[in-house]
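If you want the numbering used here, it's the position in the sequence shown, counting the first as 1, plus 231.
The beta-carbon is built from N, C-alpha and C at its ideal position, and this holds for glycine as well.
Being a predicted model, the structure only gives us computed values, none of them experimental.
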Amino acid sequence: MHSFTIQEINAILSGELIGSTSAKITGLNQLKDATQNQVTFIGDKKHAKYWKDSNACAAIVNEKIEVEVKENQAIIKVKSADLAMAKLLEVFSPEPPVFDSEIHPTAVIHKTATIAKGAKIGANSYIGKNVVIEEGVFIYPNVSIFDDSKIGANTTIWSGTVIRERSKIGSHCIFHNNVSIGADGFGYRPSEDGKGLVKIPHIGNVIIGNYVEIGANSCIDRGKFSSTILGDGCKIDNLVQIGHNCVLGRCCIMAGSSGLAGSVTLGDGVIIGGSASINDHTTIHAGAKVGAGSGVVSDVPAGKTVLGYPACDSRDMLKQWVALRRLVNK
């Protein structure tokens, strides 16, 4: 178990320590549930009122928020309590599951695959023909990586993930449980006789940059002709769908249950809220934001925030909602 003094915690955060506590700090918790050996966080004024009843021995507080210093309790003032919390969560993180051997004897690895020294492969995983696994890759049990794919250094792939043929994955990525990379896109056309549907083959691949994280049960479909591309630093939540031939710039964020239809382009730093849906062949330019539950049917200019269904300027949509409420209440 990790254990720190308040002075050691402050040294990690480089904050301003006010007051003191003799407690040994063994963990973190929210204000209402923290115990006397735990640190808590106050990131906004509306939560500051709960500090007086908290049992935490210390609080990490945004520097603009004033709270009382109590006996045998301390506060550490920082610029961002959220970023400070992220630092301490990393410090207190438990060790990941252990690999008893670098390559489990039940893993099936094609003789043409290249596995770098230090890569670890868990039980019942499958590594296909001409796959390249670089140094420091962790592949947990029951992962399948198909032919001609490449996994960059220090990437972690959790159980149940399937990476289809010809996928190219960058370094320092994290794929959580049951991620699907490189499945066929959703493409059908009516048959000539009008009695059925003809499947459109997808012969492209998926290219994923460095430091990309993809949440559990999310799907990234391969391109119809060329590639579906996720740029460096993209963060994809659970249950997200990214259709064929989509191109995401750097550091895009997609929240849970959102989806991109085929051939959508996201500029750098685009943020897509939860359950939002984006129409095919749409471009959302750099720095734009799409509110949760919105439906985007046309291009969004750089830096714009859109909301609603169909999505429009967020301020205009809020005015519409206010007007409708007034009509209903008349």
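Reference residue i, options the options, closest by Cα
i, options, result
"residue 351", "343, 360, 373, 474", "373"
"residue 579", "357, 258, 489", "Because the chain spans 232 through 561 in this model, residue 579 falls outside it and cannot be assessed."
"residue 342", "328, 358, 353", "358"
"residue 242", "272, 278, 315", "315"
"residue 434", "265, 454, 505", "454"
"residue 476", "419, 543, 461", "461"
"residue 363", "556, 383, 310", "383"
"residue 439", "431, 464, 288", "464"
"residue 539", "492, 503, 561, 558", "503"
"residue 396", "233, 361, 522", "361"
"residue 268", "249, 251, 288, 262", "288"
"residue 300", "252, 483, 557", "252"
"residue 334", "318, 355, 328", "355"
"residue 330", "353, 321, 561, 419", "353"
"residue 471", "250, 507, 291, 365", "507"
"residue 247", "255, 233, 311, 265", "311"
"residue 345", "365, 255, 338, 436", "365"
Buried or exposed (CB count within 10 angstroms, at least 16 for buried), residue i
i, result
"residue 407", "buried"
"residue 399", "buried"
"residue 303", "exposed"
"residue 294", "exposed"
"residue 442", "buried"
"residue 452", "buried"
"residue 306", "buried"
"residue 551", "exposed"
"residue 520", "buried"
"residue 577", "Absent from the model: residue 577. The displayed extent of the chain is 232 to 561, so no value can be given."
"residue 244", "buried"
"residue 393", "buried"
"residue 371", "buried"
"residue 527", "buried"
"residue 309", "buried"
"residue 369", "buried"
Under the three-state DSSP convention, the category residue i falls into
i, result
"residue 527", "strand"
"residue 488", "coil"
"residue 293", "strand"
"residue 351", "strand"
"residue 542", "coil"
"residue 318", "helix"
"residue 370", "strand"
"residue 550", "helix"
"residue 241", "helix"
"residue 339", "strand"
"residue 414", "strand"
"residue 560", "helix"
Short CB-CB distance (under 7 Å) between residue i and chain B
i, result
"residue 412", "Among the protein chains of the structure shown there is no chain B, as only one such chain exists."
Any non-hydrogen atom of the ligand SAH within 6 Å of residue i CB
i, result
"residue 290", "The model depicted lacks the ligand SAH and carries no ligand whatsoever."
Q. Can you find at least 3 beta carbon pairs, one from the segment 232-248 and one from the segment 273-285, that sit closer than 8 Å?
A. no
Q: Let me know the alpha helix (DSSP H) ranges lying completely inside the segment 253-304, each 4 residues or longer, listed in chain order.
A: 276-279
Q: Count the CB pairs spanning the segment 407-423 and the segment 379-395 that are closer than 8 Å, and state whether there are at least three.
A: yes
Q | Inter-stretch contact at 8 Å, needing at least 3 Cβ pairs: the segment 421-429 / the segment 438-452 | A | no
**Q.** Segments of 3+ residues assigned as beta strand (DSSP E) that fall wholly inside the segment 448-498
**A.** 450-452, 458-461
Q: Evaluate contact between the segment 270-280 and the segment 331-350, counting only Cβ atoms and requiring at least three cross-stretch pairs below 8 Å.
A: no
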